[in-house]
Every structure is written in structure tokens, then in C-alpha cells.
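Quick note: the sequence shown uses the numbering used here, first residue 14, plus one each step. Glycine included, each C-beta is placed from N, C-alpha and C at the ideal position.
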Amino acid sequence: MRKILKIADFMIYWSVIIMPFSVVIAPGVANAFIGIFSVFYILKKVIKRESPKINKWVLLSFLCIILASLASFINSVSYGTSFQGIIKLLKYLLILLVCGEEIRDRKHVVRIVTSICCGVVFISIDAFWQFYLGQDFVHGIAVHYNIGLRRASASFPDPNVFGVYMSALIPLVVGLTLLYFKGKQRVFMILPVVLGLLGAFLTFARGTGLAIFVTTLFLCIVGRKKWLIVGLIAILVIFPFVMPKNIKKWAKEVNYNPIVFMLNYDRLSIYRNTFNMIKHHPIVGVGVNTYIKNYAKYKFPEKDYEQTGDSIYAHNSFMQLTAELGLLGLVSFLWFLFEVFKLGINTYRKLKDDYLRVIVLSVIACIISFLVNGLTETSLYYPRVVMVFWYLIGIILSLSRFTDKVCCNKAKT
14 MRKILKIADF MIYWSVIIMP FSVVIAPGVA NAFIGIFSVF YILKKVIKRE
64 SPKINKWVLL SFLCIILASL ASFINSVSYG TSFQGIIKLL KYLLILLVCG
114 EEIRDRKHVV RIVTSICCGV VFISIDAFWQ FYLGQDFVHG IAVHYNIGLR
164 RASASFPDPN VFGVYMSALI PLVVGLTLLY FKGKQRVFMI LPVVLGLLGA
214 FLTFARGTGL AIFVTTLFLC IVGRKKWLIV GLIAILVIFP FVMPKNIKKW
264 AKEVNYNPIV FMLNYDRLSI YRNTFNMIKH HPIVGVGVNT YIKNYAKYKF
314 PEKDYEQTGD SIYAHNSFMQ LTAELGLLGL VSFLWFLFEV FKLGINTYRK
364 LKDDYLRVIV LSVIACIISF LVNGLTETSL YYPRVVMVFW YLIGIILSLS
414 RFTDKVCCNK AKT
């Protein structure tokens with residue numbers, strides 16, 4: 014049994030490290046590593062006859078999301094599709110449990126952060142390659158064009174999905190550079206920061222830009238970086254004058270309407286149809302994982318310039334969640350987020366290790382960035398990147414355990 018447990022520990026340890034980097038290669042590769050650490054985690058629990066050991070309130074609030082999902086079966090148009098939604102939630106729960114329990118110490122955290130930084134650098138280089146040479150070097154995906162504007166997606170299927178990945182992880186790199194590293198180490202970290210920001214910029218994804226701006230400003234305010242705050246505000250003022258001609262032309266075509274500029278007419282039409290869906294099933298929704306199957310049924314007549322398909326994502330994570338799970342699901346998810354952020358803030362206050370404190374703060378910024386991007390994208394429903402969201406929350410859960418170790422050590426002394 015000891016040998017089996019030793020093998021399980023090894024497989025979990027390195028799978029957790031490699032997983033965030035593997036997302037930039039292909040979803041199948043990332044899911045393989047998730048499968049590896051999940052199987053060995055369950056095996057360990059069975060052998061040791063242990064129950065999960067993560068924050069009970071985070072776990073309870075997540076279980077409420079599952080219960081809300083089960084309740085939504087009442088209105089589901091496809092039990093098979095809804096069952097797949099439950100399977101996805103169980104997968105996310107396993108990511109939370111494994112990362113929350115199996116990230117062992119500071120060295121493990123350093124290796125995970127290194128993996129994330131390598132992923133950001135690698136995919137940014139791939140984005141440059143695609144943008145200037147026409148296709149990425151991982152899968153040969155061609156560069157994308159919208160309103161005549163060249164947009165990079167790197168190895169991801171769409172620039173917006175690539176943008177979600179970048180906005181979810183760049184705050185970690187930025188946070189470490191601004192708030193922890195100094196001297197030569199900071200100079201060294203400038204490379205992944207610059208590459209990451211430029212890679213994200215090449216997506217020309219508005220939600221990504223907003224998310225990175227908000228979280229960078231957040232980190233600067235917390236770190237009291239006054240000149241950087243001034244610089245960010247200056248960028249916000251100057252950008253409308255220096256943005257690409259295609260974007261300026263588009264802004265003029267929509268009469269400089271900021272809402273249309275950020276969302277497009279088709280997104281506004283999707284939101285209107287989604288609210289109609291919510292209106293008809295406000296409490297338990299139309300059924301977990303069935304938004305696409307229900308969308309056509311709740312569509313209003315659309316004008317030519319705001320046409321949407323009959324099966325489409327909501328392009329807003331919170332709206333789609335409410336449409337599928339109702340207000341019961343939305344409240345459960347908001348409670349879950351509240352418990353995660355509360356745990357993160359308490360962990361930040363209790364930790365004595367400056368490096369780990371900055372990691373906690375930066376990961377909180379990453380989660381905020383993901384959620385901000387989710388206001389214009391269905392980030393929580395993109396299989397390629399949603400695993401990153403649950404992985405980041407798992408890091409918060411794991412670091413909260415480190416404070417207990419500190420408290421125990423103090424008690425002993």
C-alpha cells in the first residue's frame with residue numbers, strides 16, 4: 014500500500030504542476046492530466062479511508078450549486094444533456110479537491126507558478142507567430158479576421174477564448190512582478206509580463222482588455238503604485254486616439270455608443286433573448302447544460318444587423334447560469350464566490366510569507382479577471398478555459414491550509 018500511495022503522490026504532484034501549462038497545447042492534454050490527478054486522488058482517499066479536507070463553507074456552497082443543477086432537471090428538455098452538466102460539475106469539484114488538498118508546500122507553489130509563467134510566454138510567442146506569419150505553430154490554426162482586423166487566437170479556437178485564458182493568468186505574473194520581485198528578478202519577470210500583455214492585446218478582445226485593465230489597476234492600488242495608476246489612467250485616455258483604424262471605423266459606425274461598442278448588436282439581442290428565457294423559468298431555470306438547446310425557443314424577432322443563430326452561448330456567464338439554473342443557481346454561485354473571496358482575504362491577512370501573500374492576492378486578481386471577462390463572454394462554459402478557473406480557486410483553498418500550519422507551529426512554540 015505504501016508503494017501505491019508513493020506512486021499516487023508522485024503522479025498527483027507533477028500532474029498538478031503541468032496541468033495549467035498543458036491547457037495551451039490542447040484540451041485533450043489538459044484533461045488527461047486532470048484525469049490522472051483525479052484518479053490517483055480518489056485512489057488515495059479510498060486506501061486511506063479519508064474524507065475531503067477543504068474549507069467546509071466553500072464545499073457546502075459548491076454542493077448547493079449541484080443541488081440547484083439537479084433541481085433544474087424539472088424543466089430540462091434533455092435529461093442526457095443535463096446529466097452531462099452534472100458530470101462537468103463533478104469534474105470541477107475534483108479539480109477543487111485535488112488542488113485544495115494536494116498542493117503541498119512553498120516549493121510546490123513555486124513550480125506551479127513557473128508552469129503558469131511558461132504557459133503565458135509560450136502561448137504569447139505562438140500568438141505573435143500566428144499574427145505575423147498567418148498560422149500558429151502548435152496546430153496550424155489560421156489567423157482570424159473581424160471587421161477587417163487581424164486577430165490572434167494562438168492554439169485556441171477563437172481569439173476571445175484565447176483572451177479569457179490570458180486574462181485569467183496574466184494578473185498572477187503582473188502581481189509577482191509589481192509586488193514581490195525586486196532588482197534582477199523583477200527585470201527578468203518583465204519579459205513574461207510584456208509578452209503576455211502583447212499576446213492578449215493581439216486578440217483585440219474587449220472583455221479581455223477590460224479584465225486585465227481592472228485587475229492591474231486593482232493590484233497597483235493595493236501595492237500603492239501611484240505612478241503606475243497614473244500610467245493606466247493615461248492609457249485609458251489615450252487609447253481611443255491611437256487604436257487601429259478598423260476599430261475607429263467600427264466605433265463611428267455605431268455612433269460611438271459605448272454599450273454597442275463593447276457588446277455588438279448581436280450580443281444585445283442574445284441578452285434580450287436570455288432574459289426572456291429567465292423570465293419564463295426564474296426559479297430553477299430551463300435545465301443545466303441546456304441553454305443552447307433552448308435558445309431558439311425564446312428568441313424574439315431580430316433585425317438584420319442583430320441576427321443570432323438558433324444555438325449559441327449567452328456571451329455572459331452569469332446570464333447563462335441564471336437561464337440554466339434559475340435564481341436558485343445564481344444565488345448558490347454568488348454564495349460560493351463570496352466564500353472563496355472571504356477565504357482568500359483571510360488567508361492573505363494570516364500568511365507571514367511575503368511570496369505566498371502576493372500569490373494569494375494575485376490569484377484573487379486572476380479570479381476577478383476571469384469573472385469580469387465573463388460579463389461579455391461565456392467563460393464558465395468554454396471547456397478549454399473553464400478548468401483554469403477552478404484550478405485557481407483550488408490554489409486559494411490550498412494556501413488557506415498553509416495558514417493553519419503557521420498557527421500550529423506558533424502554538425507548539
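Closest to S28 by CA distance: which of L189, K104, I116, Y92 is it? Looking at L189, K104, I116, Y92, the one whose alpha-carbon comes closest to that of S28 is I116.
Using the DSSP secondary-structure output, state which residues sit across from L162 in a beta bridge. In the DSSP output, where bridge partners are listed per residue, L162 has N159.
Does the beta-carbon distance from Y158 to W403 come in below 8 Å? No, Cβ-Cβ distance for Y158 and W403 is not below 8 Å.
For T229 and L103, I'd like the C-alpha separation in whole angstroms. In this model, T229 and L103 are separated by some 32 Å (Cα to Cα).
Could you tell me which whole alpha helix (DSSP H) segments of length 4 or greater appear in the segment 21-82? Positions of the alpha helix (DSSP H) runs, each at least 4 residues long and wholly inside the segment 21-82, are given as 40-61 in order along the chain.
Length of the line joining the Cα atoms of L70 and S413: Reading off the sequence shown, one finds Trp at residue 70, where the question assumed Leu. Roughly 13 Å separates the two Cα atoms.
Express the C-alpha separation of N270 and R280 in angstroms, rounding to a whole number. Near 14 Å, if we compare the C-alpha coordinates of N270 and R280.
Could you check what DSSP says for Q198 in three-state terms: helix, strand or coil? Of the three classes helix, strand and coil, the one that applies to Q198 here is helix, per DSSP.
What three-state label does DSSP hand P172 in the structure shown? In the three-state reduction of the DSSP assignment, P172 falls in the helix class.
Element boundaries [alpha helix (DSSP H), containing M290]: Where M290 is concerned, the enclosing alpha helix (DSSP H) stretches over 271-293.
Please report the straight-line C-alpha distance between A45 and V59, rounded to a whole angstrom. Answer to the nearest angstrom: the Cα atoms are 21 Å apart.
Quick one: grab the DSSP three-state call for Q143. DSSP places Q143 in helix when its eight states are reduced to three.
Quick one: grab the DSSP three-state call for Q148. Q148 falls in the strand class under three-state DSSP.
Cut-off 6 Å between Cβ atoms - residues of its own chain near V227, not counting five sequence neighbours on either side: Excluding sequence neighbours, V227 sits near V385.
Taking only the alpha-carbon atoms, compute the straight-line gap between I31 and I38 and give it to the nearest angstrom. In a straight line, the C-alpha of I31 is about 11 Å away from that of I38.
Keeping to the same chain, check which residues put their C-beta closer than 8 Å to that of I67; ignore five residues upstream and five downstream. Same-chain partners within the cutoff: L109, L110, G113, E114, L410.
Write down every uninterrupted run of the alpha helix (DSSP H) in the segment 342-413 whose length is 4 residues or greater and which is fully enclosed by it, in chain order. 367-386, all fully within the segment 342-413.
To the nearest angstrom, report how far apart P257 and L182 are at their CA atoms. When rounded, the distance between both Cα atoms is 26 Å.
Out of I125, G161, F53, I47, state which residue places its alpha-carbon closest to the alpha-carbon of F23. Nearest option by C-alpha distance: F53.
By the three-class DSSP mapping on this structure, what secondary structure does I251 have? DSSP places I251 in helix when its eight states are reduced to three.
Going along the chain, which residues of its own chain have a beta-carbon closer than 7 Å to the beta-carbon of D139, five neighbours each way excluded? The beta carbon of D139 lies closer than 7 Å to those of D149, F150, V151, A167, S168 in the same chain, with the five residues before and after it left out.
Closer than 6 Å by C-beta to S51: which residues in its own chain qualify, once you throw out the five before and the five after it? Chain order, please. Contacts found: L107.
In chain order, what residues of the same chain lie with their CB nearer than 7 Å to the CB of M290, ignoring the 5 residues before and after it? For M290, where only same-chain residues beyond five positions count, the Cβ hits under 7 Å are V299, N307, Y311, A336.
In the segment 80-135, which residue ranges form an unbroken alpha helix (DSSP H) of at least 4 residues, counting only runs that do not cross its ends? Correct list: 92-115.
Could you compute how far the alpha carbon of D323 sits from the alpha carbon of I79? For D323 and I79, the distance between alpha carbons rounds to 27 Å.
Kindly indicate which three-state DSSP category E266 falls into: helix, strand or coil? In this structure, DSSP gives E266 a helical state, which the three-state scheme calls helix.
For the segment 388-397 against the segment 214-226, are there 3 or more C-beta pairs whose distance is under 8 Å? Cβ pair count under 8 Å is three or more, so yes.
Out of V353, D366, R397, D367, which one is the CA nearest neighbour of I381? Out of V353, D366, R397, D367, the CA that lies nearest to the CA of I381 is found in V353.
Residue burial classification, T416 (beta-carbon count within 10 angstroms, cutoff 16): When all chains shown are included, T416 counts as buried.
For the alpha helix (DSSP H) containing A224, list its first residue and its last residue. In the DSSP annotation of this structure, the continuous segment of the alpha helix (DSSP H) that includes A224 starts and ends at 219-235.
If you check the beta carbons only, do V267 and L232 fall under 8 Å apart? Remark: C-beta atoms of V267 and L232 do not approach each other more closely than 8 Å.
Anyone know if the C-beta pair for I296 and G339 falls short of 8 Å? It is a contact, given that the beta carbons lie within the stated cut-off.
Quick check on DSSP: helix, strand or coil for Y193? It is coil, neither helix nor strand.
Selected residue, minimal CA-CA separation from P170, among M332, W240, P40: In terms of Cα proximity to P170, the closest of M332, W240, P40 is P40.
Buried or exposed for R15, please, with buried defined as at least 16 other CB atoms from any protein chain shown within 10 angstroms of its CB. So R15 counts as exposed.
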